[in-house]
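**Student:** The structure that follows is given in the form of structure tokens.
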Amino acid sequence: MTWTLDGRTLTSRFLLGSAGYPSPAVLQAAVQASGAQVVTVGLRRTHAAAGDNGFVAALRETLAATGGHLLPNTAGCRTAMEAIILAHMARELFDTRWIKLEVVGDDYTLQPDPWELVAAAEQLVKDGFEVFPYCTDDLVTCRRLLDAGCQVLMPWGAPIGSGQGLLNPFALRTLRERLPGVPLIVDAGIGAPSHAAQAMELGFDGVLLNSAVAQAGDPVRMAAAFGQAIAAGRLGFEAGVMARQDMAVASTPVDGRPFLIP
Numbered sequence: 000m001t002w003t004l005d006g007r008t009l010t011s012r013f014l015l016g017s018a019g020y021p022s023p024a025v026l027q028a029a030v031q032a033s034g035a036q037v038v039t040v041g042l043r044r045t046h047a048a049a050g051d052n053g054f055v056a057a058l059r060e061t062l063a064a065t066g067g068h069l070l071p072n073t074a075g076c077r078t079a080m081e082a083i084i085l086a087h088m089a090r091e092l093f094d095t096r097w098i099k100l101e102v103v104g105d106d107y108t109l110q111p112d113p114w115e116l117v118a119a120a121e122q123l124v125k126d127g128f129e130v131f132p133y134c135t136d137d138l139v140t141c142r143r144l145l146d147a148g149c150q151v152l153m154p155w156g157a158p159i160g161s162g163q164g165l166l167n168p169f170a171l172r173t174l175r176e177r178l179p180g181v182p183l184i185v186d187a188g189i190g191a192p193s194h195a196a197q198a199m200e201l202g203f204d205g206v207l208l209n210s211a212v213a214q215a216g217d218p219v220r221m222a223a224a225f226g227q228a229i230a231a232g233r234l235g236f237e238a239g240v241m242a243r244q245d246m247a248v249a250s251t252p253v254d255g256r257p258f259l260i261p
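Numbering (numbering that gives the first Met the number 0), first residue to last: 0 to 261.
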């Protein structure tokens with residue numbers, strides 16, 4: 000089942016981060032096992048001076064087999080200006096107009112700063128970027144990002160790296176209902192494959208995660224588990240999950256009184 004992201008046709012709805020793996024070899028194996036076609040990569044300021052030891056080239060080679068794409072991010076930025084500068088550096092280094100926009104407003108929760116985020120998004124869209132903003136599940140903030148020109152939104156499920164799953168399914172469900180034509184990707188806070196399946200059952204278009212795979216006991220097997228859970232959750236959404244009932248409803252109705260056949 001294919002879907003489209005910025006005009007590019009993808010077969011996987013799993014977007015995977017590339018930080019914190021035990022080794023580059025494990026990362027490559029995890030990407031292959033996941034089936035992910037979009038992999039995020041942080042722009043390290045040491046790349047230009049010291050090189051990246053072939054890290055990006057290896058990722059490109061792994062993704063080439065699946066028609067995948069790199070998604071640079073502005074992780075660690077605290078202001079709109081810092082994020083804008085980093086995004087332009089990423090475009091030069093990775094030769095892509097895609098950018099995952101992160102502007103952190105709180106050191107404890109790593110919650111995005113909505114004002115700086117919108118300001119950065121507006122400028123980057125004008126500069127020709129396809130902006131994938133990491134944001135909270137606040138509907139008003141998401142609308143402001145759409146007004147700024149973003150075509151995709153990436154609301155969190157929980158704080159980055161917390162593994163808590165979907166803390167506010169109501170807010171995420173509201174986003175899906177109120178923004179029906181917008182690609183929505185749950186980003187951050189996912190800890191288990193069941194969390195990813197839940198997000199997909201809500202009707203989200205994809206899931207982006209990093210720590211849940213990178214920090215697993217077996218990252219490669221966990222990547223495969225997430226790939227299957229995301230596919231199953233999407234299939235369940237498309238099939239139509241049954242409505243919840245407040246009381247029991249017999250699956251085998253019985254008319255009249257029970258009887259015995261002697």
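Every residue, glycine too, gets a C-beta built ideally from N, C-alpha and C. Nothing here was measured: the structure is a model prediction, and the numbers come from that model.
(1) Which residues in the same chain as V25 place their Cβ atom closer than 8 Å to its Cβ, once the five residues preceding and following it in sequence are excluded?
(2) Please report the residue range of the alpha helix (DSSP H) in which I84 lies.
(3) Within its chain, find whatever has a CB closer than 6 Å to the CB of P182; leave out the 5 residues flanking it on each side and keep chain order.
(4) Helix, strand or coil for G16? Go by DSSP, reduced to three states.
(5) Between the segment 107-125 and the segment 157-172, are three or more C-beta pairs nearer than 8 Å?
(6) Alpha carbon to alpha carbon, how far is R96 from A86? Give it in angstroms, no decimals.
(7) Express the C-alpha separation of A35 and V124 in angstroms, rounding to a whole number.
(8) Identify whether D146 lies in helix, strand or coil by the three-state DSSP scheme.
(9) Would you mind giving the Cβ-Cβ distance between T78 and E115, rounded to the nearest angstrom? I have them listed as a contact below 8 Å.
(10) In whole angstroms, what is the alpha-carbon distance linking G180 and F131?
(11) Got a sec? Which residues, its chain only, sit under 8 Å from R44 by beta carbon, not counting five neighbours each side?
(12) Just to confirm, is the Cβ distance from L174 to L138 under 9 Å?
(13) Let me know if F13 comes out buried or exposed under the rule of 16 or more other beta-carbons within 10 Å of its beta-carbon.
(14) Any chance you could list the beta strand (DSSP E) runs of at least 3 consecutive residues sitting entirely within the segment 101-157, in chain order?
**Tutor:** The short version:
(1) P218, V219
(2) 79-93
(3) V151, D204
(4) Residue state, collapsed to three classes: strand.
(5) yes
(6) 9 Å
(7) One C-alpha to the other measures close to 26 Å.
(8) helix
(9) 6 Å
(10) 16 Å
(11) Low confidence applies here, because R44 scores a pLDDT of 46, under 50, leaving its location unreliable and the question unanswered by this model.
(12) yes
(13) When all chains shown are included, F13 counts as buried.
(14) 129-134
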